[in-house]
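K.L.:
Let me begin by handing over the structure; questions about it come next.
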Amino acid sequence: MTLNCAVVDDSKIQRLSIVKLIKDHNSLNFIADYSSALKCKNGLIKHPVDLIFLDIEMPELTGFELLDILNDKPQIIIVTGKTEYAFEAFNHDATDYLHKPITKKRFNTAIDKALEQHKLKHDIIENEEKHIIIKSNHKKHKIYYKDIKWFKAIGDYVKLVTEEKNFTILSTLKAFESELPERNFLRIHKSYIVNLIKIEKFTSKLVEIGNYPIPLSRNKKVQLGNALKLLEN
């Protein structure tokens, strides 16, 4: 697995130091470096990347302002000489936060995180084309993961709700829970398994999919938040 990388920093010395670290790492491929966030925005149109090493304080457009206007945002590793931006970096879903000067050991730790997140995202995309086979009304049906909204336990049966239609299956939620990929699906209540990519919003008590409220168990809130964060990165 190799990540295509770009470096954005108004300091030429800092850019060169990060570029060297990138070129020395077997899992990174250097694509381009930019002296401003604006140049990076334009450059990404022709040369998209998987990972950006991003400075914050730059003329015309700051690093955070760049992140706010990117439509298809790659992974971001913030690189700065200041510590006060750490909280805002977290709010922008930065993979890591590197404080200048950067040691090779700390750099490699950040790359390990980026590689793991890239793998998780790739696995999720692959799983969207995978499917399960169910039996309902004496017929077998192929159901793609990407079409599933949720499963609901109803006595000895399970109701499967998809984008097109609903199915009633003689089975248990436990049986589906063991079959479905945990990175895509989560049992958020004793009676519900949901497709994480279908969730539109959630509170401490409810998850909403297509304006349909689904109860969220108290002990599943943190697990749900972590699972959704993985999807976003």
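Counting along the sequence shown from 1, when you hit position 36 you're at 36 in this note's numbering, and nothing is skipped either side. All residues carry an ideal CB built from backbone N, CA and C; glycine is no exception.
#1: Decide if the stretch 8-25 is in contact with the stretch 48-58; the criterion is three or more beta carbon pairs, one per stretch, under 8 Å apart.
#2: Buried or exposed: which applies to N137, given that a residue is buried once 16 or more other Cβ atoms fall within 10 Å of its Cβ?
#3: Could you tell me whether the Cβ atoms of L173 and A153 are closer together than 8 Å?
#4: Below 8 Å, how does it come out for the stretch 213-221 and the stretch 189-203: are there three or more Cβ pairs, yes or no?
#5: When you compare each of L98, D156 and H92 to T80 by their alpha carbons, which one comes out closest?
#6: What are the partner residues of V207, as DSSP defines its beta bridges?
#7: Could you have a look at D24 and say whether DSSP puts it in helix, strand or coil?
#8: Cα separation between P48 and D72?
#9: Give the range of the alpha helix (DSSP H) segment to which A175 is assigned.
#10: Taking C-beta to C-beta, are D28 and I111 nearer than 8 Å?
#11: Would you mind sorting D156 into buried or exposed? The rule is 16 or more other CB atoms within 10 Å of its CB.
#12: Would you say L21 and K113 are within 8 Å of each other, going by their C-beta atoms?
#13: Relative to the C-alpha of Y34, which candidate in T109, W150 and L44 has its C-alpha closest?
#14: Which two residues bound the contiguous alpha helix (DSSP H) that contains K135?
#15: Do the CB positions of K140 and I133 come within less than 8 Å of each other?
#16: Rounded to whole angstroms, how far is the Cβ of L186 from the Cβ of Q223, which I believe are closer than 8 Å?
#17: Is R187 helix, strand or coil when you go by DSSP?
#18: Does the distance from the CB of K221 to the CB of I209 come in under 8 Å?
#19: Going straight from the alpha carbon of Q242 to that of K82, what length do you get?
#20: For the stretch 9-95, list the alpha helix (DSSP H) runs that are entirely contained and at least 4 residues long, ordered along the chain.
P.N.:
To lay it out plainly:
#1: Enough Cβ pairs lie closer than 8 Å, so yes.
#2: Walking along the sequence shown from the start, residue 137 turns up at place 137. Counting Cβ neighbours within 10 Å, N137 comes out exposed, since fewer than 16 surround it.
#3: Along the sequence shown, read from residue 1 onward, the residue named residue 173 stands at position 173. Along the sequence shown, read from residue 1 onward, the residue named residue 153 stands at position 153. The answer is yes: Cβ separation under 8 Å.
#4: Taking a contact to require three or more Cβ pairs closer than 8 Å, the stretch 213-221 and the stretch 189-203 qualify as touching.
#5: Translated into the one-based positions of the sequence shown, residue 80 becomes position 80. When each option's Cα is compared against that of T80, the closest is L98.
#6: As a working mapping, residue 207 is identified with position 207 in the sequence shown. Answer is F202 and I214.
#7: In the sequence shown, counting from the first residue as 1, residue 24 sits at position 24. Residue state, collapsed to three classes: coil.
#8: As a working mapping, residue 48 is identified with position 48 in the sequence shown. As a working mapping, residue 72 is identified with position 72 in the sequence shown. Straight across, the Cα-Cα distance linking P48 with D72 is about 9 Å.
#9: Locating residue 175 in the sequence shown gives position 175, counting from the first residue. Residues L173 to E179.
#10: Within the sequence shown, the letter at position 28 stands for residue 28. Within the sequence shown, the letter at position 111 stands for residue 111. Position check: residue 28 holds Leu in this sequence, whereas Asp was assumed. With respect to I111, L28 sits close: the two C-beta atoms are nearer than 8 Å.
#11: On the sequence shown, position 156 is the one that residue 156 refers to. D156 should be labelled exposed.
#12: Along the sequence shown, read from residue 1 onward, the residue named residue 21 stands at position 21. Along the sequence shown, read from residue 1 onward, the residue named residue 113 stands at position 113. Taking 8 Å as the Cβ cut-off, L21 and K113 do not qualify as a contacting pair.
#13: Working through the sequence shown from its first residue, we reach residue 34 at position 34. Of the residues T109, W150 and L44, the one whose Cα lies closest to the Cα of Y34 is L44.
#14: Position 135 of the sequence shown, counted from the start, is the residue given in the question as residue 135. Bounds of any alpha helix (DSSP H) do not take in K135; it lies within the beta strand (DSSP E) bounded by H131 to S136.
#15: Along the sequence shown, read from residue 1 onward, the residue named residue 140 stands at position 140. Along the sequence shown, read from residue 1 onward, the residue named residue 133 stands at position 133. Going by C-beta atoms, K140 is nearer than 8 Å to I133.
#16: Here the question's residue 186 lines up with position 186 in the sequence shown. Here the question's residue 223 lines up with position 223 in the sequence shown. Rounded to whole angstroms, the Cβ separation of L186 and Q223 is 7 Å, and the two are in contact under 8 Å.
#17: As a first step, residue 187 must be located in the sequence shown, where it is residue number 187. DSSP places R187 in the strand class (E or B) of the three-state scheme.
#18: For the purposes of this step, residue 221 is identified with residue 221 of the sequence shown, where counting begins at 1. For the purposes of this step, residue 209 is identified with residue 209 of the sequence shown, where counting begins at 1. No, Cβ-Cβ distance for K221 and I209 is not below 8 Å.
#19: Since the first and last residues shown for the chain are 1 and 233, residue 242 lies out of range.
#20: Taking only runs of at least 4 residues, the alpha helix (DSSP H) segments lying wholly in the stretch 9-95 are 12-23, 37-46, 63-69 and 86-91.
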